[in-house]
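What follows is one structure encoded as C-alpha cells, with my remarks underneath.
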Amino acid sequence: MIVELAILLPFIMAAVIPFIYRRFKKVHIGWLVLAVPVVLFSILTTYIPRIVNGQTFTKTYEWIPSFNISFTTYLDGLSMIFSLLITGVGSLVILYSIFYLSTKESLHHFYCYLLLFMGAMLGVVFSDHLMVLYAFWELTSVSSFLLIAFWHHRKASRAGARKAMTITVTGGVAMLAGFLTLYTIAGTFSIRELIADVGIIQEHALFIPAMILVLLGAFTKSAQFPFHIWLPDAMEAPTPVSAYLHSATMVKAGIYLVARMSPVFGGHEVWFWAVAGVGIITLFWGSFNAVRQFDLKALLAYSTVSQLGLIMSLFGLGSAAHALGYSQESLLYTQATFAALFHLINHSTFKGALFMMVGIVDHEVGTRDIRRLGGLMALMPFTFSIAVIGSMSMAGLPPFNGFLSKEMFFTATVDILTLNIFSIESFGLLFPVIAWFASVFTFVYSAIIVGRTFFGKLQPERLEKPPHEAPIGMLIPPFILVAVVVGIFFFPNVLGRNILGPAMKSIYPSFPTKELIVDISPWHFNTALLMTIGVIIVGVLLYRSLPKWRAVYQLFSQKYTLNAYYERIIGFSESKSGWFTRLYMNGNLTYYFIYIYVIFVGIVAGYFVLSDAFVWSPAKDSAIEYYEFILLFIMVFAAVALLFTKGRITAVLLNGVLGYSVAFFFVIFRAPDLALTQLVVESVTTALFLLCFKFLPDLTKENISRAVKFSKATISILVGATVTLIGLTVLHYEKFMPISTYFEDSYNLAGGKNIVNTILGDFRAFDTMLEVVVLFIAGLGIYTLIKLKAKKGETDIEN
Amino acid sequence: MESLIVILVGILVAVATYLILSRTVIRVILGTAVLSHAVHLLILTVGGLKKGDVPLLSQSDGPYTDALPQALILTAIVISFAVTAFVLVLAYRMYGTNGTDDFSKLGGSSDE
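First to last, the sequence lines map onto chains A and B. Each residue of the first sequence is one higher than the one before, counting from 1 in my numbering. Each residue of the second sequence is one higher than the one before, counting from 1001 in my numbering.
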C-alpha cells in the first residue's frame, strides 16, 4: 500500500500546486512541497527493519490484462536504497531551493516539474513490470528536460535541455527494444520472473542483442562515455536541480537498471567487459576533463560523469561473481558490488553538498568562474568548511566516507586480477592502472574546487556582488549532508548492515545475505592504502604544476571532440529535414490539394484498375422519367457554367441552382426531410456568401498558363472518373443485407413514425449530439475569427 | 436512373476539384460546396433509388426506402453548412489580414 502511495503522492501534489499557487503570495510554496519527500522518507525508514529481515513488499494492479501489462510495485533492498536517496536528498534540495529561488520566479512550474520527477523516479525504482518502468523512465527524461529549460529565455538552457532529451530518449527507445526482446525470449515483463527464468534467457540467441539494447538505455541515462556530453550542458538548470537530478538521482537510474538486471545478464563476458570497461573509461575521461574546466558547475558535472563511471565499473567487476556462482572464492568479487552501492550513497552525499556549495557561491558572489574567484575563505567560513569536507571526501581522503569507498574500489580493481576467466590475465591490469590515474585527476580537481575558490587573492572588482556568507537556510541542507559524510566514516557498518546488505541480496539472490555484507573498517593497511598515498603525492605535485601542463588540453582539436560530432549530426539532420520539408510544404494551398488528389487517384484508382474490379449492370437500374432528365441537364449545365463564369454573384447563384436541384432530387427519391433541410441550408448558405462578398474582392481572371490549366483539368477529370467508376461498381452491390429493416420498427422501439427522425433522435442520438458539438465549435471559431485581434507578441526570447 | 446520377456525381466532382485547385479563395469555397452536393447525391444513390415509399410509418405500410443513408446525409448537410460558414469567415479574415484573396501569394511566415 505504502509503495503505491509513495509513487502517487508526488503526482497528486504536482497536480494540485498550479491551482493553489495563487494563495501562496507571502509564503514560499516550497514549504508545502517539502512535506512530500519528508513524509515519504520518514515512512520508508520505518520499513528498514523489515527489509533487513529479508521481507519484500509487492502489490499488483491489473492495468491492461490483454497485453499482459500490470502495475506491480516491488519494495526490496535495492529499491530501498534508491527511494531513500530520492526522498532524502529530495527533502534537502527542496529546503535549499526555498532559499535559492526567490518568489519572483515561476515557482509553481518549478515545483510541479520537480514533483513530477520525484514521482517518476520513485516509479522507476518501485516498478517490477518492465513496461511500466519504461514509462516512468521516459517521464524522468521529460521532467529533466522541463527543469533544465526552466530559465527558457536563455538560449543555452534550451540547447542543453534538448541535448539531454535527445540523448537520453534515444537510449530509452533502445532500452524499450531491449525489454521487448526480453519479452519475446521469456514471455514475461516481470523483472522477478525474468530472474527466475535466467537459465532459458542466457541460452537464447537474442540474449546478447537484448543485453546491448538495455545497456544503451542505462549508459545514456547515466552519462557514460561517449554519451556523457549531455550532462555538462544540463548544468544550465537551476543549481538545486543539478544537485538533485543530475548528480544524486536521475543519472543513477542507469546504475539502478544495471544493478537490477545484473542477475539476468550478469555472469556473461560481454556484460562484464561492457559495464566494467565503459565505466572505467568514463571514470578516467570524466576526471581528466574536469581538471580543464573553469566553470565550477561544469567541473562538478565532469566529476559526476567520472564518479558515475566509477560506480558503473564496480558493478561490472562485481558481475564476475554471477559467472562463478556461489562459492567462497566468488564472495571476493561480490565485494565490488558492495563497494558500488556504498559509493552510490557516498557520492550522493558529498556531491550534493558540493553542488549546494557552488550554488551558494554563485548566489552570493554572482559568478562561478574560478578565474574570477579566490580568497573567499575568510568571508564565507561556513561555505568554505562545506567545500573542504565535500572535496576531501570526493578526493578519497580520511576521515570522510569517500575515503572508504575509494579504498574499496582500489581493492576491487586489484582483487579482480585473481580472476581466471574473461581473459582477465591479458587486460585485467588495466583496471588498477586506469583507476589510479583517474584518482590522481580526481584529487587535482577536488583541490581546484577548494584552492581556486577559497584560497588565493580576493578579486572584488571582478565579482558581481560584494561577497558575504549565505543565509542560514541555504547552509543547513549542505551541513546535514557533510554531517552524514563524516558520520558514515565513523559508523560505516550501520549503513552496511541495514541498507547495503538487503540490496546485495537483491543483486545476488542465490547467495546467503550474511556473507554478502562486508565489514568496512575505517582503519586498515593494505595495497589500496598505498595506492591512495601515491595518489596524494602525485596529485599535490600535479596541482602545484597545473599552469605548466595545462597546455596538454590544447592538443585536442576542437573539431574532433564528441560535442562537435554531436553538433554536426544534429545540424546535418536539421538542415536536411528542413530542406526536404520545404520541398513539398511550400505554403501554397493548391499544392497540398494536388498531393491529396494525386495520391487519391494513384492509390484508389490504381488499386481499382489492378484488381480489375469494375462491374456495371445498367439493366438493374430503375426507370427514368422525362422531368428527371430535365433536372439532370440543368445540373450539368450549371456545373459547367460555374467553371467559366466571371462574376461572383453568378457563381453563387449557379451553386444555388445546384443545391436546389439536389433538393428536387431528394423529393423524387423519397427523402422529404432531406429536401426540407437542403432548401433551408442552401438558402442560408447563399445569403452567407452574399454577405461575405461585402468584404471580399470580386473574382478576377486567374493568370495561369495553358499548361497549368491543362494539368488541373487532367487531375479534375481523373478524380471525377475515379468517383464515377467506383460509384457505378458499388451501385448494385448486394453481398450484405441492408440493416435498415431494424429501424423500420421505429414506432415500437422509439415511439416515432418518422424513421429518419428516430434514427437521428433516438437510435444514433450520440452522433447527433456530436454533430451539435461540431456546430458549436464552428460557431466558436467564427466568433473568434471575427472578434479577436492578434496580440503583439512579447519578444524577450534570445535566439 | 442510378447510372446517370453517378455520372452526374462524377461531373460534379470533377468541377469541384477544378474549383478547389484554383487560386481564388471564393472559388475554392464554392468547390467544397459543390463537392458536398455530389457526395450527398452519391450516398443516396448507392443506398438504392425508388425501391419503396417515403420512410414515414404514418404515410404507408411499406416497403420503405432505405432510411439510413437519409439520416447520414441529413447530418452531412448540417456539418457541411457549418464548415462552409466557418471557411467563409476564414476567407474574410484572411483577406482582412493579408490583403489578398490569392493563395499563391500566401506562403507561411518567415519566423516559423
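Each residue gets a CB set at the ideal place from its N, CA and C atoms; glycine is no exception. This one's a predicted model, so the numbers in the text were calculated from it and none came from an experiment.
Query: Contact set for Gly456 of chain A: own chain, Cβ-Cβ below 6 Å, skip 5 residues either direction; Result: Gly374 and Gly375
Query: Completely contained alpha helix (DSSP H) runs for the segment 422–448 of chain A, where each covers 4 or more residues; Result: 424–427
Query: Test: Pro492 of chain A CB closer than 8 Å to a CB of chain B; Result: no
Query: Under 8 Å (Cβ pairs) to chain A, residues found in the segment 1052–1072 of chain B; Result: Gly1052, Asp1053, Val1054, Pro1055, Leu1056, Leu1057, Ser1058, Gly1062, Tyr1064, Thr1065, Asp1066, Ala1067, Leu1068, Gln1070 and Ala1071
Query: CA-to-CA distance, Leu749 of chain A to Thr758 of chain A, given in whole angstroms; Result: 9 Å
Query: Neighbour flag for Thr1032 of chain B against chain A, beta carbons, 8 Å; Result: no
Query: Touch test, the segment 1067–1076 of chain B against the segment 1040–1055 of chain B, Cβ-Cβ under 8 Å, three pairs minimum; Result: yes
Query: Glu4 of chain A, enclosing beta strand (DSSP E) - first and last residue; Result: Looking at the DSSP string, Glu4 of chain A is not in any beta strand (DSSP E); the run it does join, the alpha helix (DSSP H), is Ile2 to Ile20.
Query: Interfacial residues, the segment 644–674 of chain A to chain B, with Cβ spacing under 7 Å; Result: Arg648, Ala651, Asn655, Leu658, Gly659, Val662, Phe665, Phe669, Arg670, Ala671, Pro672, Asp673 and Leu674
Query: Which of helix, strand or coil DSSP assigns to His129 of chain A; Result: strand
Query: Min CB distance Ile1043 of chain B to chain A below 8 Å; Result: no
Query: Distance between Ser66 of chain A and Gly578 of chain A (C-alpha atoms, nearest Å); Result: 41 Å
Query: Under the three-state DSSP convention, the category Trp271 of chain A falls into; Result: helix
Query: Near the ligand FAD: Lys1105 of chain B beta-carbon under 7 Å from a heavy atom; Result: Only the bare structure without any ligand can be found here, which leaves the ligand FAD out of the picture.
Query: Cβ pair count under 8 Å reaching 3, the segment 773–780 of chain A against the segment 1072–1084 of chain B; Result: yes
Query: Per-residue DSSP class, three states only, for Asp519 of chain A; Result: coil
Query: Where Leu696 of chain A meets chain B, residues with beta-carbon distance less than 8 Å; Result: Val1025, Ile1026, Ala1091, Tyr1092, Tyr1095 and Asp1101
Query: Residues that Met635 of chain A contacts on chain B, provided the C-beta gap is smaller than 7 Å; Result: Leu1008
Query: Backbone CA spacing between Asn799 of chain A and Phe19 of chain A [nearest angstrom]; Result: Since pLDDT at Asn799 of chain A reaches only 45, below the 50 mark, its modelled position is unreliable, and the value read off the structure follows with that caveat. Between Asn799 of chain A and Phe19 of chain A, the C-alpha separation is close to 32 Å.
Query: Cβ-Cβ distance between Gly171 of chain A and Lys104 of chain A below 8 Å; Result: no
Query: Check whether Glu515 of chain A and Thr383 of chain A have beta carbons under 8 Å apart; Result: no
Query: Rounded straight-line distance, which links the Cα of Gly119 of chain A to that of Phe11 of chain A; Result: 6 Å
Query: Where Lys620 of chain A sits in the DSSP three-state scheme; Result: helix
Query: Residue environment, Val16 of chain A, which counts as buried when at least 16 other CB atoms sit within 10 Å; Result: exposed
Query: Chain B contact residues for Arg50 of chain A, given Cβ-Cβ distances below 9 Å; Result: Those do not exist, as Arg50 of chain A stays about 58 Å from chain B at its closest Cβ, beyond 9 Å.
Query: Thr1065 of chain B - DSSP class collapsed to helix/strand/coil; Result: coil
Query: Alpha-carbon spacing of Ile1026 of chain B relative to Leu699 of chain A, whole angstroms; Result: 8 Å
Query: Secondary structure of Ile29 of chain A, DSSP reduced to three states; Result: coil
Query: Cutoff 8 Å: Leu354 of chain A Cβ touching any chain B Cβ; Result: no
Query: 6 Å CB neighbourhood of Ile1020 of chain B in its chain, flanking five on each side removed; Result: Val1028 and Gly1031
Query: Rounded Cβ spacing between Ile416 of chain A and Ala320 of chain A (contact assumed at less than 8 Å); Result: 7 Å
Query: Among A:Gly279, A:Asp197 and A:Met175, nearest to Arg223 of chain A - alpha-carbon criterion; Result: The sequence given here places Ala at residue 223 of chain A; Arg does not occur at that position. When each option's Cα is compared against that of Ala223 of chain A, the closest is A:Gly279.
Query: Cβ neighbour criterion (16 or more within 10 Å) applied to His153 of chain A; Result: exposed
Query: Chain B contacts from the segment 716–727 of chain A (Cβ-Cβ distance under 7 Å); Result: Ser716, Ile717, Val719, Gly720, Ala721, Val723, Thr724 and Gly727
Query: Interface partners of Ile630 of chain A on chain B, CB under 9 Å; Result: The contacting residues do not exist; Ile630 of chain A stays about 12 Å from chain B at best.
Query: Opening and closing residue of the beta strand (DSSP E) in which Thr72 of chain A lies; Result: Ile69 to Leu75
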